[in-house]
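To start, the structure itself, in structure tokens.
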């Protein structure tokens with residue numbers, strides 16, 4: 324048995340492609356973004372996302388902020404979102420001055436409990452932000468019903484969701500493509516990565532023109548470059564969301580290996596799922612086709628999960644807990660309405676993620692973990 | 324005379340270093356930021372900026388937004404800024420809900436007229452944002468006096484200012500280090516570049532702790548990594564400003580060639596300055612040590628500047644006008660208070676920038692331009 328340290332994550336090695344593409348970018352002198360590798364990335368992403376307008380961004384955080392700006396979230400507006408998520412999900416709306424209500428996880432899944440949303444909706448509620456944990460889809464029928472009844476803007480935090488799907492009538496709908504907006508991440512820790520990077524999908528046609536201007540620092544540069552305007556000038560509030568062409572070159576290399584990455588990850592995920600069939604592991608509903616982004620075990624208690632992580636670490640295997648609930652953070656606790664969100668707390672206390680990447684010795688991870696429990 | 328096309332800008336070629344560094348980053352798997360090349364960049368930047376806290380950011384735009392958030396700009400606050408600048412200068416404050424007053428340029432310089440600031444100050448005025456055009460410093464004595472009298476937060480948009488200085492009593496003060504905050508750009512078009520990138524300097528010690536949290540998506544991750552906290556959690560509003568390690572690798576390569584880049588640019592700038600001594604060219608006050616970022620000619624009229632740009636283009640040389648005034652843009656015109664900002668308009672109409680980079684045939688540019696005027 325190898326004694327080599329197994330870190331929680333190692334990006335898939337696409338060095339050869341990445342370096343060749345970065346060299347091309349540097350030689351072209353066109354390093355700032357929206358050049359050939361950005362276009363190549365968007366072309367490959369057409370296999371995931373079809374009609375949706377795609378904006379490569381500096382991060383999923385910036386894609387979420389971009390969506391909040393597009394949705395015209397402003398002071399006085401109310402946003403409903405999960406507690407068990409990354410702070411960026413919430414900051415995107417706080418930065419626009421919104422008030423927030425956090426929703427608990429489900430008993431059997433870190434995903435938000437959509438049945439707990441309706442009672443939080445008021446006349447001020449503008450956005451329902453959903454986050455598909457571990458690339459495992461929420462129940463889209465429920466989201467659609469809430470949107471239809473309350474006229475909500477739906478923003479999907481699909482940070483973990485490249486190549487994950489919601490399935491209905493045998494049709495696979497990619498996560499990120501179902502809401503008005505979908506935000507994906509290409510951060511180092513994701514299945515497909517380029518250091519820091521993200522993608523905003525604008526799925527609702529009514530926002531596309533606005534998005535194009537906001538993306539270009541609030542100018543009509545895009546229409547100017549298409550020679551539809553004689554000059555370009557300040558047209559709107561906006562920001563600099565553009566992913567640099569250097570990151571796009573790395574992303575291009577990764578996207579070309581998407582099938583290999585998916586195959587490798589699913590093989591490991593499936594081995595874990597089989598080995599730990601008697602444990603509390605990710606619940607995948609029939610309507611969800613996940614992307615093997617995360618495999619976790621749920622331990623019996625906080626102390627057991629701490630012991631497990633320490634035990635695995637001593638054996639040279641890095642395992643990780645995940646989010647601390649946002650509603651009870653030292654920052655938000657006094658702004659929270661007092662509801663007890665016990666499932667979110669429970670996943671925070673007991674969820675431990677196992678490593679999934681090309682350097683993982685799966686049998687060693689499984690045997691070591693089973694040794695702990697025996 | 325070579326007939327090769329001379330574009331307005333070509334980044335300095337540091338491919339060999341950049342590719343070697345990017346390879347290191349990819350092999351390390353630590354691509355997300357704040358790793359060895361980010362640290363190396365900050366170390367080299369110590370030759371420019373000493374005590375100031377340095378945050379590498381995804382762009383100068385995001386550095387400006389970061390500074391506006393740090394300065395607690397909020398709805399009801401008033402910000403004074405130049406009209407002759409890039410939309411990001413203004414968007415950073417509009418995104419926080421501020422009201423804006425734009426200031427004219429000086430008759431002899433695109434830089435803002437600091438003597439026109441005082442009459443705009445009200446009890447609501449929180450921030451004076453200054454922008455040093457072409458890396459040519461504003462008069463810092465005047466800014467200091469305004470700050471002292473009206474207790475303003477000073478934000479320097481130093482996008483164009485790497486290696487540019489304000490000089491007082493024979494001491495060189497780097498631009499970006501004098502305000503409470505300074506934002507620099509490493510965009511493709513700048514003297515030193517990494518595709519998209521920026522730097523926020525936090526010069527006022529009272530903001531440093533807050534900045535560290537906001538930079539890490541509003542978490543105390545930095546103190547956690549220093550083992551000062553047992554865990555990290557949501558502590559504040561914040562965003563993802565981090566420059567990826569891949570861009571930092573490219574930036575590192577550029578910064579190692581900083582002296583060569585400066586030498587090359589100053590040689591070209593000085594040749595232009597000599598050749599066009601009878602023309603209206605950049606005015607450099609005694610208190611400014613510039614960085615040869617921009618050399619421009621001021622033409623007699625809008626039509627002459629259009630003719631000049633077309634003439635040069637036909638001769639295979641790209642020259643560019645610059646900003647359209649923000650106060651009279653189609654977006655802001657109806658929010659502007661009606662003051663006529665004639666100098667900003669004049670620079671918009673008549674300023675034309677000449678190419679400065681390692682591939683420029685200086686004599687050809689000079690001779691071609693002089694041919695136009697004769």
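Chains as they are written, first to last, in this note's numbering: chain V, 324 to 697; chain F, 324 to 697. Every residue, glycine too, gets a C-beta built ideally from N, C-alpha and C.
Please report whether the beta-carbon of residue i lies at a distance below 7 Å from any beta-carbon of chain V.
i, result
"residue 505 (chain F)", "no"
"residue 450 (chain F)", "no"
"residue 647 (chain F)", "yes"
"residue 583 (chain F)", "no"
"residue 423 (chain F)", "no"
"residue 343 (chain F)", "no"
"residue 679 (chain F)", "no"
"residue 519 (chain F)", "yes"
"residue 644 (chain F)", "no"
"residue 346 (chain F)", "yes"
Is the beta carbon of residue i sitting closer than 7 Å to the one on residue j?
i, j, result
"residue 698 (chain V)", "residue 477 (chain V)", "Only positions 324 to 697 of chain V appear in the structure, and residue 698 (chain V) is not among them; the question remains open."
"residue 589 (chain F)", "residue 615 (chain F)", "yes"
"residue 572 (chain V)", "residue 360 (chain V)", "yes"
"residue 654 (chain V)", "residue 603 (chain F)", "no"
"residue 481 (chain F)", "residue 499 (chain F)", "yes"
"residue 381 (chain F)", "residue 566 (chain F)", "yes"
"residue 619 (chain F)", "residue 676 (chain F)", "yes"
"residue 584 (chain V)", "residue 685 (chain V)", "no"
"residue 649 (chain V)", "residue 406 (chain V)", "yes"
"residue 501 (chain F)", "residue 463 (chain F)", "yes"
"residue 678 (chain F)", "residue 516 (chain F)", "no"
"residue 576 (chain F)", "residue 425 (chain F)", "no"
"residue 396 (chain V)", "residue 378 (chain V)", "no"
"residue 440 (chain V)", "residue 403 (chain V)", "yes"
List the residues of chain F that residue i touches, going by C-beta distances under 9 Å, in chain order.
i, result
"residue 579 (chain V)", "Here the premise fails: no neighbours, minimum Cβ distance about 15 Å."
"residue 499 (chain V)", "None at all; the shortest Cβ gap to chain F is about 18 Å."
"residue 441 (chain V)", "What residue 441 (chain V) touches in chain F: nothing, since even the nearest Cβ is about 26 Å away."
Taking buried to mean at least 16 other C-beta atoms within 10 Å of its own C-beta, is residue i buried or exposed?
i, result
"residue 549 (chain F)", "exposed"
"residue 430 (chain F)", "exposed"
"residue 657 (chain F)", "exposed"
"residue 680 (chain V)", "buried"
"residue 636 (chain F)", "exposed"
"residue 528 (chain F)", "exposed"
"residue 456 (chain F)", "buried"
"residue 568 (chain F)", "buried"
"residue 700 (chain V)", "In the structure as shown, chain V starts at 324 and stops at 697, and residue 700 (chain V) therefore has no counterpart that could be examined."
"residue 554 (chain V)", "exposed"
"residue 413 (chain F)", "buried"
"residue 669 (chain V)", "buried"
"residue 693 (chain F)", "exposed"
Name, please, each residue of chain V whose Cβ falls closer than 8 Å to the Cβ of residue i.
i, result
"residue 540 (chain F)", "384, 409, 410, 411, 414"
"residue 398 (chain F)", "398, 420"
"residue 558 (chain F)", "652, 653, 654"
"residue 554 (chain F)", "647"
Keeping to the same chain, check which residues put their C-beta closer than 7 Å to that of residue i; ignore five residues upstream and five downstream.
i, result
"residue 612 (chain F)", "487, 488, 490, 495"
"residue 324 (chain V)", "A caution first: residue 324 (chain V) carries a pLDDT of 44, below 50, which makes its placement in the model too unreliable to give a value."
Less than 7 Å between CB atoms is the rule here; does residue i satisfy it with respect to chain F?
i, result
"residue 329 (chain V)", "no"
"residue 356 (chain V)", "yes"
"residue 433 (chain V)", "no"
"residue 565 (chain V)", "yes"
"residue 381 (chain V)", "yes"
"residue 417 (chain V)", "yes"
"residue 576 (chain V)", "no"
"residue 562 (chain V)", "yes"
"residue 325 (chain V)", "With a pLDDT of 49 at residue 325 (chain V), under the threshold of 50, the modelled position of that residue is not reliable, and no figure is offered here."
Could you name the residues of chain F that residue i contacts, counting a contact when the two beta carbons are closer than 7 Å?
i, result
"residue 350 (chain V)", "338"
"residue 314 (chain V)", "Any question about residue 314 (chain V) goes unanswered here, given that chain V covers just 324 to 697."
"residue 516 (chain V)", "354"
By Cβ distance, which residues of its chain are closer than 6 Å to residue i, with the 5 residues on each side in sequence left out?
i, result
"residue 673 (chain F)", "621, 622, 628"
"residue 470 (chain V)", "477"
"residue 367 (chain F)", "578"
So with CB distances below 7 Å, who are the chain V contacts of residue i?
i, result
"residue 334 (chain F)", "352, 354"
"residue 510 (chain F)", "355"
By Cβ distance below 8 Å, which residues in the same chain neighbour residue i in space, the five residues on each side in sequence not counted?
i, result
"residue 557 (chain F)", "541, 542"
"residue 639 (chain V)", "326, 327, 328, 329"
List the residues of chain F whose Cβ lies closer than 8 Å to the Cβ of residue i, in chain order.
i, result
"residue 388 (chain V)", "562"
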